[in-house]
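In our numbering, the protein residues as written are 592 to 666.
Ideal Cβ placement from N, Cα and C applies to all residues, glycine included.
Bear in mind that the values here come from a model prediction, so they are computed numbers and not experimental data.
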Amino acid sequence: MNVEAYAKKFESLSRFFRFFRDGIDETYMCRRFQGGLRYELQDAVVPLGIRRFQVLVEKCQEIEDMRNKRVNHSG
Numbered sequence: 592m593n594v595e596a597y598a599k600k601f602e603s604l605s606r607f608f609r610f611f612r613d614g615i616d617e618t619y620m621c622r623r624f625q626g627g628l629r630y631e632l633q634d635a636v637v638p639l640g641i642r643r644f645q646v647l648v649e650k651c652q653e654i655e656d657m658r659n660k661r662v663n664h665s666g
């Protein structure tokens with residue numbers, strides 16, 4: 592699953608998570624999102640310490656795009 596699809600699914604499911612009903616804790620949401628990423632994406636974004644969900648998703652998409660371009664050019 593690519594980052595965009597994962598982010599959409601994550602956001603739709605998070606609505607049902609009772610921890611977020613009283614307000615979204617973006618730091619916690621980011622940690623949960625990072626935990627579901629492929630290892631190569633986790634390895635790239637976790638050290639950045641991003642605590643805003645939308646910023647994290649955008650950074651993951653950028654990294655995924657860069658890696659896809661690299662694979663396409665080398666193969």
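Here residue 597 really is in contact with residue 627; their C-beta atoms are around 7 Å apart, less than 8 Å.
In chain order, 625 place their CB closer than 7 Å to the CB of residue 633, counting only its own chain and leaving out the 5 sequence neighbours on each side. Judged by DSSP in its simplified three-state form, residue 658 adopts helix. Cβ-Cβ separation between residue 617 and residue 643: approximately 6 Å, consistent with a contact (criterion under 8 Å). CA-CA distance, residue 619 to residue 655, rounds to 22 Å.
Restricting attention to 604, 592, 665 and 647, the CA atom closest to the CA of residue 622 is found in 647.
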